[in-house]
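Some notes on the structure that comes next.
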Amino acid sequence: MSARRAVGIDVGGTKIAALRLTSGGSVDTAKVFPTPASDQDAALPAIEAAISAVMDRDVVAIGIGMAGLIDVRGGVLLMTPNLVWRDLRLAEHVQATFDMPVTVDNDATAAAWAESRLGASREYDDSLFVGVGTGIGGGIVAGGRIVRGAHGLAGEIGHVIVEPDGPLCGCGNRGCWEQVASGLAIARAGAGVVEDHPNGAIARLADGDPERVTGELVTEAARAGDAVAGRILAEVGRRLGEGVAGLVNILDPEIVVIGGGAGEAGEVLLAPLRVAFTASLEGADVRPDVPIVPASLGNDAGAIGAGLLALDAVAG
Ligand SMILES: [Zn+2]
8 MSARRAVGID VGGTKIAALR LTSGGSVDTA KVFPTPASDQ DAALPAIEAA
58 ISAVMDRDVV AIGIGMAGLI DVRGGVLLMT PNLVWRDLRL AEHVQATFDM
108 PVTVDNDATA AAWAESRLGA SREYDDSLFV GVGTGIGGGI VAGGRIVRGA
158 HGLAGEIGHV IVEPDGPLCG CGNRGCWEQV ASGLAIARAG AGVVEDHPNG
208 AIARLADGDP ERVTGELVTE AARAGDAVAG RILAEVGRRL GEGVAGLVNI
258 LDPEIVVIGG GAGEAGEVLL APLRVAFTAS LEGADVRPDV PIVPASLGND
308 AGAIGAGLLA LDAVAG
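Okay, here's the thing in structure tokens:
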């Protein structure tokens, strides 16, 4: 059978994940590199170095996923809320360097496609992917196809304003959903309790330093039974559930897949999320059940999806 492979790249705020895969999704090489987040001139060389590190003779296409607004047709990163990079003509440059087709997509769209083809939503034609890490990204699959919108910009669910006077967001607005319901929100709330609860689990795990508190650290404390950490996750879970209910009201998917750190956090976050979801959804008692499940492809979902989209593009 066809042994054609793609290189899939996922450019995140701190890491660039690179892998090589077949159209069936079997991954044979995966590597991770740091992202030069505050240096636009270093962006392209870093991405090309990551591609070179997993390149092989049987590779026929390159797919790149990254957070932000992507001009999918032109393969241009227009802007990204959490890096300084702007107007980066990725497809044009990478295509010239490696002499093969290059696709560029939003990272959550890529992860949604990977979960839809090979992961938690593979049995469903209509799914919503909610990737909750530092921010919140979204990917919508309807009728077995990615919903891209008129300009390829659909799915920016993290930047719906839910608290007009809330914290300033990387996009320039205040109170976006990702500011109150992401790993960032968990870390911010956790840092806030370090001083008030110096003997609590969060303060202990962070050695008393609020700046060392991360979403993962608070999740770890909650899993160990710390009540303060549990309340923080319950509150963020509630905000997530309310937002997911709004999206299900609009999209009516068969399943919602929660990816990123929130998917990995498990029931400490997903249980309050489901309660708030059911309480906030219009007519929850008369609708078919919409399962809310953790993603199954883990941190590689974005790179796998980017690679699959690149192979789809060359297959026509
Ligand atoms: Zn925003």
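Going by our numbering, the sequence shown wraps up at 323, each residue one higher than the last.
Each residue gets a CB set at the ideal place from its N, CA and C atoms; glycine is no exception.
The model shown is predicted, which means the values in this text are computed figures rather than measured ones.
When you measure from the CB of GLU185 to every non-hydrogen atom of ligand 1, does any distance come out below 7 angstroms?
With a cutoff of 7 angstroms, GLU185 counts as near ligand 1, since its C-beta is closer than that to a heavy atom of the ligand.
Can you give the Cα-Cα distance for ASP233 and ASN206, rounded to whole angstroms?
Here the C-alpha atom of ASP233 lies approximately 11 angstroms from the C-alpha atom of ASN206.
Could you check what DSSP says for VAL18 in three-state terms: helix, strand or coil?
Note: VAL18 maps to strand in three-state DSSP.
- Where does ASN113 sit, in a helix, a strand or coil, going by DSSP? In the displayed model, ASN113 falls within a strand according to three-state DSSP.
Review point. Are there 16 or more other CB atoms within 10 angstroms of the CB of HIS158, so buried, or fewer, so exposed?
Key: Exposed is the call here.
Residues that ASP292 bridges to, as DSSP identifies them | BP columns for ASP292 are empty, so no partner.
Are ALA25 and ILE77 close, meaning C-beta to C-beta below 8 angstroms?
The answer is no: Cβ separation not under 8 angstroms.
Review point. Given that a residue counts as buried once 16 or more other Cβ atoms are within 10 Å of its Cβ, and exposed if not, what is ARG245?
Key: With 16 or more other Cβ atoms within 10 Å, it is buried.
Checklist entry - Are ALA13 and VAL67 closer than 8 angstroms when you measure CB to CB? => result Going by C-beta atoms, ALA13 is nearer than 8 angstroms to VAL67.
Inset, instruction - Examine ligand 2 and report whether any of its heavy atoms sits within less than 7 angstroms of the Cβ of GLY177. - result: No copy of ligand 2 appears in this structure; the ligands present are ligand 1.
- prompt: What are the uninterrupted segments assigned as beta strand (DSSP E) that are 3 or more residues long and contained completely in the stretch 119-190, given in chain order?
  reply: As far as the stretch 119-190 is concerned, its whole beta strand (DSSP E) runs of at least 3 residues are 134-139, 143-149.
*Exposure of ALA98, with buried meaning 16 or more beta-carbon neighbours within 10 Å*: It is buried - the Cβ of ALA98 has at least 16 other Cβ atoms within 10 Å.
Next item on the list: Alpha carbon to alpha carbon, how far is MET62 from LEU28? Give it in angstroms, no decimals.
Entry: Rounded to whole angstroms, LEU28 to MET62 spans 11 angstroms at the Cα level.
| Within this structure, are the beta carbons of ALA231 and LEU224 separated by less than 8 angstroms? | No, the Cβ-Cβ distance between ALA231 and LEU224 is not below 8 angstroms.
query: Sorted by chain position, which residues of the same chain lie with C-beta nearer than 7 angstroms to MET86's C-beta, five sequence neighbours on each side aside?
result: Short of 7 angstroms from the beta carbon of MET86, and not among the five residues preceding or following it, lie these beta carbons of its own chain, in chain order: GLY75, LEU76, ARG93.
Give every residue of the same chain whose Cβ lies closer than 8 angstroms to the Cβ of GLU170, excluding the five residues on either side of it in the sequence, and list them in chain order. Result list for GLU170: ARG181, GLY182, GLN186, VAL187, in chain order.
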